[in-house]
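Notes follow the structure.
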Amino acid sequence: MESSKVIHAIYTDDDILMSAVKDVRAAKYHIDEIYTPFPVHGLDKAMGLAPTRLAITAFIYGCIGLTVATVMMNFIMIEDWPQDIGGKPSFSYLENMPAFVPIMFELTVFFAAHLMVITFYLRSRMWPFKSAENPDPRTTDDHFLMELSVANHNEIDMAEFLKNTGAVEVNLVEKAN
Amino acid sequence: MYTFSNKLKTFSFALMILGVLGVGYGFLSSHKSLDEVKTMLADEAAHHGGGHGEAHATHEVESHDMHADAEHGEVAHAEADAHHGDEHAKHVQHQIANRPWSALYVAAFFFMMIALGALAFYAIQFAAQAGWSPVLFRVMEGITAYLLPGAVIVLLIAVASGTIGHYNLFVWMDPEVVAHDKLIQNKSGWLNIGMFAFRGAIFIAGWCTYRHFARKFSLAQDESDDNRNFKKSFRIAAGFLVFFIYTESMMSWDWIMSVDPHWFSTLFGWYVFASLFVSGITVIALITIYFKSKGLLPLVNDSHIHDLAKFMFGISIFWTYLWFSQFLLIWYANIPEEVTYFVTRIEDYKLPFFGMVALNFLFPLLILMNSDYKRIPWFVVSAGIVILFGHYMDIFVMIMPATVGDRWFIGIPEISSIMLFAGLFIFVVFTSLSKVSLLAKRNPLIKESEHFHY
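Now the structure itself:
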């Protein structure tokens, strides 16, 4: 079984972490993952992560919700059984549209919100009973952990380099694939 | 320091001169004799073919004009046709005479409400102690300089229409009409010219007093060595906002809703507020982008533009929410005394009435939804121009159906009125902007604003 080596560099301050990220990227080491106890503003930019496309999916889901609401009420209220309910004009969808707008709006929001949340869970692989992927429990409290793959770099040099970026602890970890 | 460029000054004067000429032409060409109107109506009848008389009979009944209603009620329905024709021609004659007045009033109100909206936005920035906006304070103060002349002009046009004019905007100012109209008689405790002028004077005095002191404290803060002036600004802003929300509501009843004195709506004040607020914010954004493009606001960055565009986006949706809420409730309940308001608008103003929803809602919704687009000046500018045009149409559709009815058109009187007040607006605002530095120096939040980043 093949195994790969990673280095865990632990920081205790988000500002130091940010400057370390910049140094590490400048030195062309590869950052696998960073674990933080809270959102660090600007960390994604510093790491060079691609921007999220979650908002675009939400827009598409909203359009789907609007379509569902329109098609549903057009079928029920206009095509299937166009009754005269309190004198409301049910001859065409447009004529009675103001009455449908509250539902069209709510379903748009409902689809956009819920499907986006589900998309988020799927993309970030979160569900109940999922086993936590936390390499060090302190990262949920007050420590920041940067995981770098050793690949074909020299471990000693890397550890030294990371110490100099302000890491309080540098560990070499064997990771089973 | 900004110097009012000669080019822009000449441009504003050219607008004003062309505007005055067009407005003059509008007034000169709107006095038609009864015979001329009759000939015109006969011509129209010939073009439209038969069934015209019938159409007009329904029009008279549904018409919202008190003139027609009151007189029509007195005249027995069995009266001779000839007499009815006379009545109708008089009614149309009055509508034609109303057109230049209404055009002037709509344009005057539109530019006044931009200044008022900017003032409300300005006061909110102080009351909320917003950290992003202090670099824009001088732009906002410049825009609000138009409030005093603009609001006085609106009030003068309104009062003049009932004193020197022939009741061309507000039918309740006409004693003839009131004498035959029980509904207006019951409202005459509120709707009479004396009280109208008095209330208007109070509104304007209150708003302009706040504007005067806010500007004074803001300038004094630049020179002082403590924050006393800033604290005063905060306090008067909070006080003004309370005064503003009451007076803005009453202003909307007086200056706009009372053109239809038989109609009333409870959320009308908010609706007008949303309209003026979004117009004010849009003009702040447009002038900021203009100055930034000239390099006069080096501290304004993309994030400030982004924030302004977010406000344009959000308040546009807020306006739509109120527009739709007012429409839906009245449409759904369909109570005859309320629904006439929308019946006349949908029958005679279909394109402007629904067109403005596209301009004020769909367009900004789709253009300004994307976060990246909100940082691109030409996107914000084009959205802003559409929003401003949409809100001109909004005021147009509030005033015109009550005064000119189906005799509306966007022609020389309307366009030249816009040019007249646009010229005046540019002149007053840029003169005010050229008087002081474009950066509020010692505002306690200015550092945060300079480094504002979203």
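Chains as they are written, first to last, in this note's numbering: chain C, 515 to 691; chain W, 2 to 455. For every residue, glycine included, the Cβ atom is placed at its ideal position computed from N, Cα and C.
Cβ of residue i within 7 Å of any chain W Cβ
i: C/PRO612; result: yes
Residue j beta carbon less than 7 Å from that of residue i
i: W/VAL38; j: W/VAL93; result: yes
i: W/SER435; j: W/THR4; result: yes
i: W/SER450; j: W/PRO135; result: yes
i: C/VAL684; j: C/VAL520; result: no
i: W/LEU19; j: W/MET394; result: no
i: W/GLY391; j: W/LEU287; result: no
i: C/ASP529; j: C/VAL554; result: no
i: W/ILE144; j: W/ALA116; result: yes
i: W/TYR211; j: W/HIS307; result: no
i: W/PHE426; j: W/TYR106; result: no
i: C/PHE614; j: C/TYR575; result: no
i: W/PHE314; j: W/PRO365; result: yes
i: W/GLY118; j: W/LEU242; result: no
i: W/GLY190; j: W/LEU156; result: no
Pairwise C-alpha distance: residue j and residue i
i: W/GLY240; j: W/ALA221; result: 20 Å
i: C/PHE675; j: W/VAL279; result: 54 Å
i: W/MET2; j: W/THR289; result: 14 Å
i: C/ALA646; j: C/MET640; result: 9 Å
i: W/LEU369; j: C/ALA569; result: 14 Å
i: W/ASP87; j: W/GLU45; result: 16 Å
i: W/PRO101; j: W/ILE194; result: 21 Å
i: C/PHE573; j: W/LEU297; result: 37 Å
i: W/ALA198; j: W/ILE205; result: 11 Å
i: W/ARG346; j: C/PRO551; result: 58 Å
i: W/PHE355; j: W/ASN361; result: 10 Å
i: W/ASP349; j: W/GLY406; result: 7 Å
i: W/MET141; j: W/LEU120; result: 7 Å
i: W/ALA90; j: W/LYS375; result: 52 Å
i: C/MET618; j: C/PHE634; result: 24 Å
i: W/SER438; j: W/ARG139; result: 8 Å
i: W/HIS1; j: C/LEU659; result: Any answer about residue 1 of chain W is impossible in this case: the structure gives chain W only from 2 up to 455.
i: W/VAL76; j: C/GLN597; result: Its pLDDT being 44, under 50, W/VAL76 is placed unreliably in this model, and the coordinates cannot settle the point.
i: W/PHE380; j: W/PHE325; result: 26 Å
i: W/ASN371; j: W/GLN126; result: 25 Å
i: W/VAL429; j: W/PHE269; result: 30 Å
i: W/PHE328; j: W/ILE316; result: 18 Å
i: W/LEU446; j: W/GLY207; result: 27 Å
i: C/ILE475; j: W/ASP226; result: Outside the shown range of chain C, which is 515 to 691, sits residue 475 of chain C, and nothing can be said about it.
i: C/HIS667; j: W/ILE285; result: 56 Å
i: C/VAL582; j: W/ILE336; result: 32 Å
i: W/LEU440; j: W/VAL21; result: 35 Å
i: C/ASP594; j: C/SER604; result: 11 Å
i: W/ILE203; j: W/TRP254; result: 15 Å
i: W/ALA71; j: W/PHE343; result: Bear in mind that the predicted position of W/ALA71 carries a pLDDT of just 45, short of 50, making it too unreliable to give a figure here.
i: C/ASP656; j: C/GLY556; result: 18 Å
i: C/VAL585; j: C/SER606; result: 13 Å
i: W/TRP133; j: C/MET630; result: 30 Å
i: W/PHE112; j: W/SER34; result: 33 Å
i: C/MET611; j: W/LEU389; result: 27 Å
Cutoff 7 Å: residue i Cβ touching any chain C Cβ
i: W/TRP332; result: yes
i: W/LEU369; result: no
i: W/LEU329; result: yes
i: W/HIS68; result: For W/HIS68, the predicted structure reports a pLDDT of 47, less than 50, and the residue's modelled location is therefore unreliable. A value from the coordinates is still provided. It does not; no Cβ of chain C falls within 7 Å.
i: W/SER64; result: Residue placement at W/SER64 is poorly supported in this model, since its pLDDT is 45, which falls under 50; the coordinates still yield a value, given next. False, the Cβ-Cβ gap to chain C never drops below 7 Å.
Rounded distance between the beta-carbons of residue j and residue i, thought under 8 Å
i: W/ILE154; j: W/ALA109; result: 5 Å
i: W/VAL273; j: W/THR321; result: The Cβ separation is near 14 Å, so there is no contact.
i: C/TYR525; j: C/ALA681; result: 6 Å
i: W/PRO262; j: W/ILE158; result: The Cβ separation is near 18 Å, so there is no contact.
i: W/ILE400; j: W/ILE257; result: 7 Å
i: W/TRP264; j: W/GLU339; result: 7 Å
i: W/SER304; j: W/PHE431; result: Incorrect: roughly 25 Å between the Cβ atoms, too far for contact.
i: W/PHE122; j: W/ILE282; result: 6 Å
i: W/THR404; j: W/ASN99; result: 4 Å
Mind checking the stretch 613 to 625 of chain C against chain W and listing, in chain order, the residues whose C-beta falls within less than 9 Å of any C-beta there?
ALA613, VAL615 and PRO616
By the 9 Å beta-carbon criterion, what residues does the stretch 303 to 330 of chain W contribute toward chain C?
PHE325, PHE328 and LEU329
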